[in-house]
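To start, the structure under review is shown below, and the notes come after it.
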Amino acid sequence: MSGLCWATATELARMIRTKAISPVDAVQALLERIAAREGVLRSFITVCGDAALEAARQAEAALAAGGDLGPLHGVPIALKDLFDTAGVKTTGGSKILAERVPAADATVVARLRAAGAIVLGKLNMHEFAYGPEGLNEHYGTPRNPWDAAEHRIPGGSSSGSGVAVAAGLVPAALGSDTGGSIRIPAALCGITGLKPTYGRVSRSGVLPLAWSMDHAGPMARTAADCALLLRPMAGYDPADASTSVLPVPDYAGALTGDVKGLRVGLLRAHFLADAAPEVREAVERAARVLEQLGARVDEVALPSVVHVPAASFAVVATEALAYHAPWLRARPGDYQADVRDRLRLGAFVSGVHYVRGQQVRALVRREVDEALARRDVLLAPTTPLAATVLGRAEAAVGDATVDVRSALIRFTRPFNFSGHPVCSVPCGFTAGGLPVGMQIVGRLFDEATVLRAADAYQRATDWHTHRPPLA
Amino acid sequence: MKSLTLDEMRHAARLAGFEWTDDELAALRPGLVRALEALEALERLPLADTEPTTQYRVL
Chain A
1 MSGLCWATAT ELARMIRTKA ISPVDAVQAL LERIAAREGV LRSFITVCGD
51 AALEAARQAE AALAAGGDLG PLHGVPIALK DLFDTAGVKT TGGSKILAER
101 VPAADATVVA RLRAAGAIVL GKLNMHEFAY GPEGLNEHYG TPRNPWDAAE
151 HRIPGGSSSG SGVAVAAGLV PAALGSDTGG SIRIPAALCG ITGLKPTYGR
201 VSRSGVLPLA WSMDHAGPMA RTAADCALLL RPMAGYDPAD ASTSVLPVPD
251 YAGALTGDVK GLRVGLLRAH FLADAAPEVR EAVERAARVL EQLGARVDEV
301 ALPSVVHVPA ASFAVVATEA LAYHAPWLRA RPGDYQADVR DRLRLGAFVS
351 GVHYVRGQQV RALVRREVDE ALARRDVLLA PTTPLAATVL GRAEAAVGDA
401 TVDVRSALIR FTRPFNFSGH PVCSVPCGFT AGGLPVGMQI VGRLFDEATV
451 LRAADAYQRA TDWHTHRPPL A
Chain B
472 MKSLTLDEMR HAARLAGFEW TDDELAALRP GLVRALEALE ALERLPLADT
522 EPTTQYRVL
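One line per chain: the protein sequences are A and B, in this order. All residue numbers for the first sequence refer to my numbering, where the first residue is 1 and numbers rise by one. All residue numbers for the second sequence refer to my numbering, where the first residue is 472 and numbers rise by one.
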């Protein structure tokens, strides 16, 4: 049964559909594994064991009755604890919302259930999604499973999603990404994560960090699984005015394995050039793999990204404070310290700063569009460094000492700003055995090409198949 | 930005509706000085003809 824990969502869906296994078997195997590992990993805030088993039994009955089955029929997933779930606590990883029980599912949760997915539980996260390390004082900071000796950060804010998928506790999970919160834990935990185009996936029923930069997306061990989840998740939602009316393609069907002639732009300045040598070399090797598969690789620069840290601070700090102001006044002591301080900084950002930030955003988006006008995808490291030891505020990147928090979001945040779709895939390991991630950035609403490139790379490499020591 | 006093910070915080102690303000000051310096740099960008992305529905 333990083999089921390492099956991909795509494999599980096929095995369940062909009755090679029962959804009850899959759910039971994963629940047993969660019970055995969670004492160390702390990736879940709530495990919905009874409800998941009941849903699995219903899925089994539906299968026996020969009904119309969704693409995820019987497949277990888990959700970052900021996606509303009817009747199940949705805490945002906070003490403030510790007892909050939504009446309805978030749109994406309802859509995934309608596609047949079974929700195993709610995953740990950086409090209110406001931090890239994945820290949580209230529920414990999840442990990165790639280091059995030291507690390393999992990356955040979707920390529990990264850890649970990497450790074989669930084949796929949902995360949210405002500055890199899907891609950073994906990179640091050695899994695959997709931040779709802004507007591709509904944010209705998802606790916000910064409305204009929040994205919801899938995290899994393969790009193929991200494609499998994205299709039912995506599409117009009248409850979210930012969602697009564009039709949703068959993402899994786009995974041909063929990248011959794909035009790839390697982002060196401000990305590769600022990454640790081991990270840079891993991404350069990955570019050569794509070249060997028939892609044409050149180099391209996005000079305006140097303004992104300040500009995105103006936008995120303002929007986050607007959401949190009532609690920040009434219950400041109930926030963990780093999040409280970050929120407080928003009080000093002026209206002019906010608009300036949105102007820079237009600049960055135009520049990314121009880079992609003659290319299909761009490549960059996901983070400049691998997972650091918990509590360490600074780390070495080459000869420089960097602030860990700022460094983690440096390469990911520009694409929250621009709204372009990005998939982070594992592309190697450091000498210390920690995973390294690479971003594949695509044109607006062209997740299909991003996923095709990611899947082709994973067909040619095995980085995504390695299992961490703590798993 | 040459300096930022606690009085200036207290005033700005009050305008935003917050009452924070001197210790709380002092803890925020280093990060705030860095942030405001970075925001000042944005004022030097040629953005006069760039419309902000306030309506963000792309397609």
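No residue lacks a Cβ here, since even glycine has one placed at the ideal position from N, Cα and C.
Please report the residue range of the alpha helix (DSSP H) in which residue i lies.
i: A29/A; result: P23 to L41
i: I77/A; result: Here I77/A belongs to no alpha helix (DSSP H); instead the beta strand (DSSP E) covers P76 to K80.
i: G121/A; result: Looking at the DSSP string, G121/A is not in any alpha helix (DSSP H); the run it does join, the beta strand (DSSP E), is I118 to L123.
i: G160/A; result: S159 to A166
i: I184/A; result: R183 to C189
i: V108/A; result: T107 to A114
i: L508/B; result: Note on identity: in this sequence residue 508/B is Glu, with Leu being the wrong assignment. Its alpha helix (DSSP H) spans residues D493 to L513.
i: P558/A; result: Residue coverage of chain A in this structure runs from 1 to 471, which leaves residue 558/A outside it and unanswerable.
i: E11/A; result: A9 to R17
i: Y457/A; result: E447 to A460
i: Y335/A; result: It is not in any alpha helix (DSSP H) - Y335/A carries neither H nor E in the DSSP assignment.
i: L482/B; result: Strictly speaking, residue 482/B in this sequence is His, with Leu absent from that position. Element bounds for H482/B: L477 to L486.
Please work out which residues of its chain come closer than 8 Å, Cβ to Cβ, to residue i, disregarding the five sequence neighbours upstream and downstream, and give them in chain order.
i: R500/B; result: L475, L477 and M480
i: A51/A; result: V88 and V119
i: I77/A; result: A9, L112, A117, I118, V119, L120, V170, P171, A172, A173, L174 and L229
i: L4/A; result: L12, I21, D25, A26, A29 and L30
i: R405/A; result: G131, P132, E133 and A393
i: V101/A; result: G87, V88, K89 and T90
i: A395/A; result: L385, T388, T401, V402, V404 and A407
i: R331/A; result: I96
I'd like the list of long-range same chain contacts for residue i, defined as Cβ closer than 6 Å, with 5 residues on each side in sequence excluded.
i: A454/A; result: A223, C423, V425 and I440
i: L135/A; result: H126 and T141
i: L470/A; result: P145 and A148
i: H353/A; result: A314
i: R263/A; result: R296, R375 and D376
i: E150/A; result: V389
i: A115/A; result: G70, P71, L72 and P232
If you follow the beta strand (DSSP E) that residue i is in, where does it begin and where does it stop?
i: I45/A; result: F44 to V47
i: D369/A; result: Where D369/A is concerned, there is no enclosing beta strand (DSSP E), although the alpha helix (DSSP H) it sits in stretches over G351 to A373.
i: D298/A; result: R296 to V300
i: D403/A; result: A400 to D403
i: I96/A; result: I96/A -> no beta strand (DSSP E), and no H or E assigned at all.
i: L378/A; result: V377 to P381
i: E394/A; result: E394 to V397
I'd like to confirm the pairing. Which residues does DSSP put opposite residue i in its beta bridges?
i: K260/A; result: BP columns for K260/A are empty, so no partner.
i: D237/A; result: D240/A
i: F477/A; result: Beyond the ends of chain A as shown, which are 1 and 471, falls residue 477/A; an answer cannot be given.
i: M219/A; result: A173/A and G193/A
i: T91/A; result: The partner list for T91/A (beta bridge, DSSP) is empty, contrary to what the question assumes.
i: I153/A; result: Answer by DSSP bridge pairing: none, since I153/A is not bridged.
i: F429/A; result: P435/A
i: L266/A; result: E299/A and L379/A
i: G442/A; result: V377/A
i: S424/A; result: G193/A and Q439/A
i: V389/A; result: R152/A
i: V201/A; result: A234/A
Just checking residue i against the ligand ATP - is the residue's beta carbon closer than 7 Å to any of the ligand's heavy atoms?
i: A512/B; result: In the structure shown, the ligand ATP is absent, as is every other ligand, since no ligand is present at all.
Skipping 5 residues on each side, what residues in its chain have a beta carbon closer than 7 Å to that of residue i?
i: P23/A; result: I16, A56, A59, E60, G74 and I118
i: L123/A; result: S43, F44, I45, A78, L79, K80, D81, G160, S161, A164 and A173
i: A320/A; result: Y130, L209, A210, L343 and G346
i: D250/A; result: R231
Self-check item: Chain-ordered residues of the segment 346-362 of chain A with a beta carbon less than 9 Å from chain B
Solution: Cβ contacts with chain B come from G346, A347, F348, V349, S350, V352, H353, Y354, V355, R356, G357, Q358, Q359, V360, R361 and A362.
Quiz prompt | Contacting positions in the segment 323-342 of chain A - beta carbon closer than 8 Å to chain B | solution = In summary, the residues of the segment 323-342 of chain A whose CB is separated from some CB of chain B by less than 8 Å are A325, L328, R329 and D341, in the order they occur in the chain.
Quiz prompt | Residues, ordered as in the chain, of the segment 402-426 of chain A that lie near chain B by beta-carbon distance below 7 Å | solution = In summary, the residues of the segment 402-426 of chain A whose CB is separated from some CB of chain B by less than 7 Å are G419, in the order they occur in the chain.
Quiz item: Counting Cβ pairs, one atom from each stretch, are 3 or more of them under 8 Å apart for the segment 184-191 of chain A and the segment 380-398 of chain A?
Solution: At 8 Å Cβ cutoff, the stretches touch.
Quiz item: Just by C-beta distance, which residues in the segment 474-498 of chain B are closer than 8 Å to chain A?
Solution: Using a CB distance below 8 Å, the part of the segment 474-498 of chain B facing chain A consists of M480, A483, A484, A487, G488, F489, W491, E495 and A498, ordered along the chain.
Quiz item: For the segment 270-297 of chain A, which residues have a CB atom closer than 9 Å to at least one CB atom of chain B, in sequence order?
Solution: Nothing from the segment 270-297 of chain A brings a Cβ to less than 9 Å from some Cβ of chain B.
Exercise. Give a yes or no on contact between the segment 409-420 of chain A and the segment 166-173 of chain A, applying the rule of three or more CB pairs nearer than 8 Å.
Key: Contact fails: fewer than three Cβ-Cβ distances are below 8 Å.
Quiz item: Taking any Cβ of chain B, which residues in the segment 303-318 of chain A have a Cβ under 7 Å from it, in chain order?
Solution: With the criterion set as a beta carbon lying under 7 Å from some beta carbon of chain B, the members of the segment 303-318 of chain A are H307, P309, A310, A311, F313 and A314, in sequence order.
Quiz prompt | Contact set between the segment 500-519 of chain B and chain A, restricted to residues whose Cβ is under 8 Å from the partner | solution = Listed in sequence order: G502, L503, A506, L507, A509, L510, A512, L513, E514, L516 and L518.
Exercise. Check whether the segment 296-314 of chain A touches the segment 347-364 of chain A, counting contact only when three or more Cβ pairs, one atom from each stretch, lie closer than 8 Å.
Key: With the cut-off at 8 Å, the segment 296-314 of chain A and the segment 347-364 of chain A touch.
Quiz item: Does the segment 432-446 of chain A touch the segment 270-282 of chain A, meaning 3 or more C-beta pairs lie closer than 8 Å?
Solution: Short answer: they touch.
Exercise. Quick one: which residues of the segment 131-143 of chain A get their C-beta closer than 8 Å to a C-beta of chain B? List them in chain order.
Key: Answer in chain order: no residues at all.
Practice problem: Spell out a yes or no on whether the segment 251-261 of chain A and the segment 344-364 of chain A are touching, meaning 3 or more CB-CB pairs, one atom from each, closer than 8 Å. | Solution: Segments in contact, no.
Exercise. Answer yes if the segment 336-346 of chain A comes into contact with the segment 319-327 of chain A, meaning at least three C-beta pairs across the two stretches below 8 Å, and no otherwise.
Key: Touching, yes, given that three or more Cβ pairs across the two stretches are closer than 8 Å.
Quiz item: Per the contact definition of three or more C-beta pairs closer than 8 Å, is the segment 264-275 of chain A in contact with the segment 231-248 of chain A?
Solution: The segment 231-248 of chain A, when compared against the segment 264-275 of chain A, does not touch it at the 8 Å Cβ threshold.
Exercise. Using a Cβ-Cβ cut-off of less than 8 Å, give me the residues of the segment 358-389 of chain A that come near chain B, in sequence order.
Key: Here the close residues are Q358, Q359, V360, R361, A362, L363 and R365.
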